[in-house]
Amino acid sequence: MLEDYSNSGASRQSDGSFAAQYAARQGAPLPPPKMSAAPKSDTTELTADVGQMRFVHATDNNRGWDAYLASKRKAAAVGTLSAPASPMPAPAAAKPAAATASPEALGTRTAIAFLKKFDPDGWHNLTAIHPTRTYTGKDGKPHAEVRGKTFAPGQWEEMEDWINARQGEWNLYFSVNEPRPRAPDKKLREEDIGAIRALCCDVDPEDGADILDSERVRLRRQVDNLAAGPVPPTFAIDSGSGVQSFWQMREKLDPAVWVQQAKDIGRGIAHALDGDPVQDICRVMRLPGTTNIPNAIKLSKGRVARKSELLFTNPSRYSLADVDSQYPAYAAAAKEDKSGAIAEAERDLDQSLLHAGRYEDLPADLQDRFNDARGHFKKLAKLWDSGEHNGNDDSYSGGRFALAGWLRWLTEKGSVEFDVNDYAQLLWVWDHAVGPHDDREAKLSEREIARAWGNAKPKEHFSPIEDDEAEIAAQDKQLPLDAHADGTPNADKAKATTGRKRFEFMSLDDIERAFLVEPKEPLIDGLLDQGTLSVVYGASNVGKTFICLDMAWAIAQGRQWAGQATRKTGVLYIAAEGGTGVLGRVLALNQIHGRPGAKDFVLLRSKLNFYKSDADAKELLTEARAYGLENIGLIVVDTLARSMDGGDESATKDMSVVVGHLDNLRKATGAHVMLVHHSGKDETKGARGSSALRAATDTEIELRKTDEESATGGTITTTKQRDMDGSFSRAFTLETVKLGGGDHREASSCVARVSAEKAQRGSAPTEPQREVMAAMADMGDPGEAFSVQDIRQALGPSVSDNTVLQRLKRMKTAGFVRKDAQGRWSLRTDCPDKKPENWFESHEAEPENSATTGDKPEAPGSG
């Protein structure tokens, strides 16, 4: 009884279109017949655990269901909503075992079978909304009673019990997108979603009992057209009122990365189909097999109780780009997101400021201003302490908007000033900015902070009404920076309140003087600046310690390193991993390069903890000065992982604490701090742990082996430079040095030999990689960055987003492309005229290693 739509694989009944079948049941005029015939092919049928109940309905069965609902409506009219005395007639196609099952039980089996098809291995959340029961919300208005439950993968029996307990009395829904593991048992919020698994569109009929039937025929005809179209939905559901369509993703998507694009494309679908424009990834939709029970408002519009049912299934799965090709992301959404206020906030936001681990680590001036504001406005204090506010949106996102509204209102009023960077720093340490299980870094992305600040409207998101009105009137004149009677700012009062100048204004003369006295000479020309923070990372045994020791030794001696000039200064090398191996490495350097000044290079074989507090750093400085180290220009911490006991390097908050303490160390000494760190399991994603470290880093240097077999060679490449050219690249080898020894053994170690010339690239690109490079070159100017989706679209429909991403990762390893902090990709531009054809010409033969080499050593322990 099932056949396919033309070339779509969408299962439907064979007795005419959905619109025609529905019209026949309702006695409405038949729509024009479809002229195209659909070819036969294999179909995917959904079956329940018991019997062979397909998600198609027989006309007789639907009449039985309509009669059953009529009895329920009659019972509801006298105040009850109980099951009928006798069950609905069983469908003719059902097995005898199911003949005595109630309509509710059959519907539940339908619901479970659908969920198994929708996501057989994922988490599910079910929501029940009662049509008549209400409660009074914070806004003083009645709200429908809601229940929710999150189920782990495979809990089908528990889901069946939960649905059965509410069938026929509650409206039942499922979460379109996958809950994060162990999400709360309630109707989910966006922060509770762990993966985007489908796009959806909900199209409702026009209101009015007199046109409802014709509207439902129209919507069924729309389903016919969608199913025969080039990008048919994976599922379509008759909700009992309108029609809900779903385009399931080929791969589940991370909301932290894809939420905005998913919303924009969803808005494009809604715009094209005249559907519900509301877009959020925590959307719930009607569960097929359950009853759509109208509430009082819908009853007044002519709605009646109806069974929801699955209209068809289609085996196709899609990428976002696939759906976007048919339903382009709605331009109004993109335009709105790029509004002037948001764009300005994005320009002004400096993420390098987001490193405080707790409120006490925020800049003293910001603490003073915010403490003063909290002291004057108890509702702001309540918001900060508990997350509660006057707005209707009680989600964490609503709280972030409320805080932005408060800060912008205070600024507009002239009481005390805050900007987007103040707001971002406060969010970073606020306990109520994100949920307890949320990834703070993902939720507080640059884009989201800018959108909250730019969109926050103090008169809407923050309403200082009720008891705050009197409080505002009474306290206004007590705030710092209040005005005198003549309207001039009361600067003396502000200075007395804060104990310091709030702002430092600089004229052009001040800027010129500051520039002349501030150091301009880099620590290593083209690579390291004075007084900044760098991270050197790579896989285990790639040679990190050898390279960092070699750099430190050159700086201590003031000699060139990798063909670049250095600034001679004192070096403190903290070997937190201890052991005697580092002693041999230092002696090998001394043997090859000679001795620096008496205390120009000092080794510390002790483990410090930059996570717990500043205590270790302060004690370090005290004892270093007592030792006679007065001119420290470089401090190397080898390794970061061994210097943050008790902290989690993957946790944004913990890493921010470490960065804050290292910043204090830099400020106290004026030294450049270099961290030796490890790459993650996926080397293409850079250094291990939270990207809060990368956001605070001025220079990031990656070490990578020349090839998997090499134990003694590799490349040194900058992957981030805040204020310098980011094209530094050198080849290196490790050379064995014999140190002599005793006890009938000869000791040895290694020193790094670093090329003075820019490292040459590896082998020529493959043909698929050449296609990617040519597409990127045609898309824009040399060095311009593009998203994976942009590149995939330029290549055409023959490749998927994932295929393009895998090619780009391999090309990054080979040195052909770069990836920026926003996940966009660009061609490297270190070729004569920056054209792909020159890349191809320069890679016809494998380059020789340009590093100074000796005999291949045994590499006795690499860092």
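If you use the UniProt record's numbering, the sequence shown corresponds to residues 1 to 863, in order. The C-beta atom is built at its ideal place from N, Cα and C for all residues, glycine as well.
Which word fits residue i, buried or exposed, when buried means at least 16 other C-beta atoms lie within 10 angstroms of its C-beta?
i	result
A624	buried
residue 871	The requested residue 871 does not occur in the structure, where the chain is confined to residues 1 to 863.
M506	exposed
V751	buried
D185	exposed
T234	buried
D778	exposed
V737	buried
E412	exposed
P522	buried
P153	exposed
P797	exposed
A364	exposed
I635	buried
T580	exposed
A821	exposed
State the CB to CB distance for the pair residue i and residue j, rounded to an integer number of angstroms; the pair is presumed to be in contact (CB under 8 Å).
i	j	result
D616	N664	Not a contact, Cβ separation roughly 11 Å.
residue 864	V571	No answer is possible for residue 864: it lies beyond the span of the chain, which begins at 1 and ends at 863.
V259	D322	Wrong, their Cβ atoms sit about 18 Å apart, outside the cutoff.
D638	V676	4 Å
L805	V817	Wrong, their Cβ atoms sit about 12 Å apart, outside the cutoff.
G194	R180	3 Å
E771	L795	6 Å
I265	Y327	6 Å
R824	G815	No, R824 and G815 are not in contact; Cβ-Cβ is about 18 Å, not under 8 Å.
A695	L299	Incorrect: roughly 54 Å between the Cβ atoms, too far for contact.
K544	I555	Contact doesn't hold; Cβ gap of about 17 Å is too wide.
R400	K653	That belief does not hold up - the Cβ atoms of R400 and K653 are roughly 16 Å apart, past 8 Å.
A594	A747	First, the amino acid is wrong: residue 594 is Gly here, not Ala. So it is not a contact: roughly 20 Å between Cβ atoms.
E178	R197	5 Å
S316	P288	With a Cβ gap of about 19 Å, S316 and P288 do not count as contacting.
S540	H678	7 Å
residue 864	D529	No answer is possible for residue 864: it lies beyond the span of the chain, which begins at 1 and ends at 863.
E649	G689	4 Å
P131	P294	7 Å
I524	Q557	I524 to Q557, Cβ: 13 Å. No contact.
G647	V658	6 Å
L310	V203	Going by Cβ atoms, the distance from L310 to V203 rounds to 16 Å, so no, they are not a contact pair.
Tell me whether residue i sits in a helix, a strand or coil according to DSSP, three-state version.
i	result
C282	coil
L410	helix
W123	coil
F401	helix
W258	helix
E700	strand
V304	coil
S748	strand
S421	Looking at the sequence shown, residue 421 is not Ser but Asn. In this structure, N421 counts as helix in the three-state DSSP scheme.
S214	helix
E309	strand
V323	helix
N455	helix
V737	strand
K758	strand
M779	helix
H355	coil
Y396	helix
C831	A caution first: C831 carries a pLDDT of 43, below 50, which makes its placement in the model unreliable, though a value can still be read off. Here C831 sits in coil by DSSP.
S245	strand
S826	strand
T706	coil
K809	helix
S131	First, the residue type needs correcting, since residue 131 is Pro and not Ser in the sequence shown. If DSSP states are grouped into helix, strand and coil, P131 belongs with the strands.
G387	coil
(Q) What ranges does the beta strand (DSSP E) occupy inside the region 530-585, keeping only unbroken runs of at least 3 residues that lie completely in it? (A) Taking only runs of at least 3 residues, the beta strand (DSSP E) segments lying wholly in the region 530-585 are 533-538, 570-575.
Q.
Going residue by residue through the region 136-184, where are the continuous beta strand (DSSP E) segments of at least 3 residues, counting only ones entirely within it?
A. Counting only runs of 3 or more, we get 142-151, 171-175.
(Q) At 3 residues or longer, what runs of the beta strand (DSSP E) sit wholly inside the region 623-682? (A) Correct list: 632-638, 672-678.
Q. Do the region 697-705 and the region 356-370 make contact, defined as three or more Cβ pairs closer than 8 Å?
A. Output reads no: the region 356-370 does not touch the region 697-705.
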